[in-house]
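Numbering (the working numbering), first residue to last: 191 to 440. Even glycine gets a Cβ: it sits at the ideal position worked out from N, Cα and C. Please read all numbers here as calculations on a predicted model, not as lab measurements. Take a look at the structure set out below.
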Amino acid sequence: PGIRLKITPSIVQEDFVVIKIEPEVSYIYSWRGTADQYPWVKARQATAYVRIKNGQPFANVFETFRQENGHYHIDSVTEGIGVYGLFGKRHMVSMGDVTEQGLRPQHFEQLLGDDRKRAQSVDFDWPAKTMEIKAKGKVSHVALNEGTQDLLSFAYQFMYYPLMDGDINLPVTTGKKLRLYQYKVVDKDLSVETAAGTFRTVRLVNRVADGGESKVFWLGVDKHNIIVRLTMKDENGTRLEQTLSSLHVE
Numbered sequence: 191p192g193i194r195l196k197i198t199p200s201i202v203q204e205d206f207v208v209i210k211i212e213p214e215v216s217y218i219y220s221w222r223g224t225a226d227q228y229p230w231v232k233a234r235q236a237t238a239y240v241r242i243k244n245g246q247p248f249a250n251v252f253e254t255f256r257q258e259n260g261h262y263h264i265d266s267v268t269e270g271i272g273v274y275g276l277f278g279k280r281h282m283v284s285m286g287d288v289t290e291q292g293l294r295p296q297h298f299e300q301l302l303g304d305d306r307k308r309a310q311s312v313d314f315d316w317p318a319k320t321m322e323i324k325a326k327g328k329v330s331h332v333a334l335n336e337g338t339q340d341l342l343s344f345a346y347q348f349m350y351y352p353l354m355d356g357d358i359n360l361p362v363t364t365g366k367k368l369r370l371y372q373y374k375v376v377d378k379d380l381s382v383e384t385a386a387g388t389f390r391t392v393r394l395v396n397r398v399a400d401g402g403e404s405k406v407f408w409l410g411v412d413k414h415n416i417i418v419r420l421t422m423k424d425e426n427g428t429r430l431e432q433t434l435s436s437l438h439v440e
């Protein structure tokens with residue numbers, strides 16, 4: 191069981207490089223939701239990207255999402271390219287349950303390089319409605335709001351979230367603190383062309399205080415809201431982009 195990957199680097203435009211992924215993924219074995227619109231699957235997707243910063247590739251990102259018997263597991267590894275490789279890998283893991291409301295994390299952890307002192311983790315105690323956050327050797331306890339996601343799970347939560355007009359509010363723990371991510375559906379039925387094909391999408395925009403757009407998602411509405419394209423700006427205004435290069439489900 192698991193996912194087998196055929197990986198092929200490719201250049202899809204002058205300043206954006208992706209890695210083509212052809213995964214074999216376990217079958218969808220049931221459906222849920224009021225209109226049977228959401229899947230119960232044993233493995234969902236595997237993706238990989240090269241991130242571009244200031245016109246130069248600086249990191250490879252490899253990510254897998256698995257779901258089985260009402261539980262999920264997400265694994266993400268970011269490897270720096272060139273001089274950025276000196277900083278080591280960033281490894282993130284999220285695991286938890288799949289409920290009628292979508293993903294419910296139980297544990298999240300992030301490791302930067304090989305330095306365990308820089309590790310961050312979050313344990314979710316849903317009955318007690320608290321989170322235990324460990325960062326830089328310190329432990330804190332924060333109130334746990336219903337629907338809270340972590341840095342990995344929040345992007346996959348869109349697969350289970352009904353995308354309607356109006357604001358979408360997602361409380362997200364960054365591994366250091368709790369933040370409220372606010373998105374709005376601004377466009378529907380947008381056609382987005384990628385190396386993986388053409389997708390019918392909705393566009394979600396994260397509005398920031400100064401009216402700018404810090405993060406934008408294009409979600410494949412016929413592919414259970416999988417992220418087809420993502421653009422974002424970091425704290426310095428640098429624009430980053432990721433685009434789905436291949437998707438194969440059995």
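Own chain residues within Cβ distance below 8 angstroms of residue i, not counting five before or after
| i | result |
| --- | --- |
| E308 | Strictly speaking, residue 308 in this sequence is Arg, with Glu absent from that position. L301, L302 and K326, listed in sequence order. |
| T363 | F298, V312, M321, I323, V332, T338, Q339, D340, L341 and R369 |
| D445 | Given that the chain is displayed from residue 191 to residue 440, the structure contains no residue 445 and the question cannot be resolved. |
| H261 | M285, G286, D287 and V288 |
Separation of residue j from residue i, as counted between CA atoms
| i | j | result |
| --- | --- | --- |
| V382 | V406 | 13 angstroms |
| N396 | W408 | 12 angstroms |
| S311 | I323 | 6 angstroms |
| K366 | T428 | 23 angstroms |
| L380 | D305 | 43 angstroms |
| T384 | R280 | 26 angstroms |
| A345 | G270 | 22 angstroms |
| H414 | P352 | 10 angstroms |
| N359 | T421 | 19 angstroms |
| E253 | S266 | 4 angstroms |
| A386 | P317 | 42 angstroms |
| V251 | N426 | 21 angstroms |
| T268 | E431 | 15 angstroms |
| S404 | K328 | 30 angstroms |
| R294 | F389 | 28 angstroms |
| M282 | A249 | 15 angstroms |
Simplified DSSP state of residue i, which is helix, strand or coil
| i | result |
| --- | --- |
| K374 | strand |
| T284 | In the sequence as presented, Thr is not what sits at residue 284; that position holds Ser. Strand. |
| D412 | helix |
| A385 | coil |
| Q473 | The structure shown does not extend to residue 473, since the chain is modelled only from 191 to 440, so the question has no answer here. |
| G272 | helix |
| Q347 | helix |
| K405 | strand |
| S435 | coil |
| P361 | strand |
| E425 | coil |
| Q291 | coil |
| N259 | coil |
| E253 | strand |
| L342 | coil |
| N335 | coil |
| L430 | strand |
| L353 | coil |
Residue i, buried or exposed, once every other Cβ within 10 Å from all chains shown has been counted against 16
| i | result |
| --- | --- |
| T433 | buried |
| K374 | exposed |
| Q347 | buried |
| G410 | buried |
| D340 | buried |
| G292 | buried |
| S435 | buried |
| A418 | Here residue 418 turns out to be Val, not Ala, going by the sequence shown. Label assigned to V418: buried. |
Other residues of its chain near residue i: CB distance less than 6 angstroms, five sequence neighbours each side excluded
| i | result |
| --- | --- |
| V376 | R393 and V395 |
| I264 | F255, S284 and L342 |
| K378 | V392 |
| M349 | H414 and N415 |
| S330 | I323 |
Neighbourhood of residue i by C-beta distance below 7 angstroms, restricted to the same chain and skipping five residues each side
| i | result |
| --- | --- |
| Q296 | M285, G286, D287 and F314 |
| K319 | A333 and L334 |
Segments of 3+ residues assigned as beta strand (DSSP E) that fall wholly inside the stretch 306-330
310-315 and 320-325
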